[in-house]
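Numbering (this note's numbering), first residue to last: 15 to 257.
Below you can see the structure in the form of structure tokens.
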């Protein structure tokens with residue numbers, strides 16, 4: 015069964031990398047990143063539940079949409095309607111954001127397929143990859159936010175295959191002109207060291223009591239302002255102040 019995205023079976027075209035920046039859409043963060051993220055790269059947004067990973071993705075996509083770019087939210091965690099509602103409560107609108115909702119439909123509960131020969135991950139991985147690949151080919155997004163890698167990990171039968179799936183997705187996104195942000199749950203049960211190694215950049219979000227912290231752990235190909243930075247979530251979304 016397929017373990018990578020279809021277009022990568024062909025010889026990939028040469029990518030033209032640039033030091034130009036694209037804005038994250040988050041007030042204060044672009045200054046910390048010396049202008050924003052680098053295009054055609056992959057960035058891991060990691061942290062425990064409730065630290066603001068999805069909100070980070072909202073800002074990134076809404077900024078791209080405001081600049082006239084096609085953008086795509088790939089969701090394995092929350093359904094379309096719930097995401098749009100959550101964004102609206104924080105002063106953000108996803109009207110121009112395409113959402114690929116890969117969460118299970120209610121009918122799935124009554125119609126679970128039999129797994130007589132293959133494991134659930136093998137049976138469900140193929141249509142999952144096809145839907146993601148097709149959406150990227152049709153929408154041609156310049157920005158992608160993938161939420162979350164923890165759910166994507168369940169589609170792989172083992173750690174090696176998961177790494178190949180992630181690397182394949184990143185290359186597929188880059189070959190189609192997209193900058194990809196991937197969210198990851200910080201968990202002792204499912205460590206994401208492999209994702210931190212694979213991605214070009216890593217941004218860590220923390221929540222301690224009432225204090226929110228953002229730290230750039232890795233930013234390949236560019237300088238950045240190191241240290242812990244204060245995050246505020248207001249009626250206008252997320253803001254970052256250098257610590």
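For glycine and all other residues, C-beta sits at the position ideal for the given N, C-alpha and C.
- The beta strand (DSSP E) runs lying completely inside the stretch 146–181 and spanning 3 residues or more are 157–161, given in chain order.
- Residue nearest to residue 60 within the set 239, 228, 180 is 228 (criterion: CA-CA distance).
- Nearest to residue 255 by C-alpha distance, out of 65, 199, 211, 43, is 43.
- Note that the C-beta distance between residue 55 and residue 85 is not below 9 Å.
- With 16 or more other CB atoms across the displayed protein chains lying within 10 angstroms of its CB, residue 87 is buried.
- For residue 102, the uninterrupted alpha helix (DSSP H) run begins and ends at 94–103, by DSSP.
- Rounded to the nearest angstrom, the gap between the Cα atoms of residue 34 and residue 187 is 18 Å.
- Look at the beta carbons and you see the stretch 182–197 not touching the stretch 219–227: under three pairs across the two are nearer than 8 Å.
- Judged by their CB atoms, residue 206 and residue 234 are not nearer to each other than the 9 Å cut-off.
- Using a C-beta cut-off of 8 Å, the stretch 194–201 makes contact with the stretch 63–71, since at least three inter-stretch Cβ pairs fall below that distance.
- Distance from residue 209 to residue 58 at the Cβ level is roughly 5 Å; contact confirmed, criterion being Cβ atoms closer than 8 Å.
- Per the coordinates, the alpha-carbon of residue 225 lies some 40 Å from the alpha-carbon of residue 151.
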